[in-house]
Amino acid sequence: MLTGLFEGDHAELRSAAAAADAVVDDAGQFDRELHEFDPEQGYHFGIVLDSVSRTARYGANVAEAGLQAAMRHGQK
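The opening position of the sequence shown corresponds to residue 0 in numbering that gives the first Met the number 0, with each subsequent residue numbered one higher.
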């Protein structure tokens with residue numbers, strides 16, 4: 000993704016954003032499955048899952064910012 004950011008590689012940035020969206024979707028599915036775990040175990044997995052989801056969303060935000068910057072500067 001860093002190459003995409005610095006060189007304005009739209010395909011790489013879009014791919015990174017799509018991968019992040021997939022991680023968030025998978026995390027949401029797993030979060031629903033956590034209700035089947037014992038409460039203490041589910042709680043700990045939930046904390047980790049929340050961190051993974053937030054990290055993926057931050058990555059998607061960085062990719063989106065890179066795409067917007069590339070568009071502003073006329074890169075294709």
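The beta carbon of each residue, even a glycine, is placed where N, CA and C say it ideally should be.
Nearest-angstrom Cα separation, counted from residue j out to residue i
i: A59; j: E39; result: 31 Å
i: A26; j: S14; result: 18 Å
i: V61; j: R53; result: 12 Å
i: A16; j: Y42; result: 28 Å
i: E32; j: F44; result: 11 Å
i: Q28; j: L66; result: 28 Å
i: E35; j: G73; result: 50 Å
Assigned exposure category for residue i - 16 Cβ within 10 Å defines buried
i: D37; result: exposed
i: F21; result: The sequence shown places Ala at residue 21, rather than the Phe named in the question. Classification of A21: exposed, given that the 10 Å Cβ count is below 16.
Whole-angstrom C-beta distance between residue j and residue i, which should lie under 8 Å
i: D30; j: L48; result: 6 Å
Beta-carbon spacing of residue i, residue j below 8 Å
i: A64; j: V23; result: no
i: A69; j: H9; result: yes
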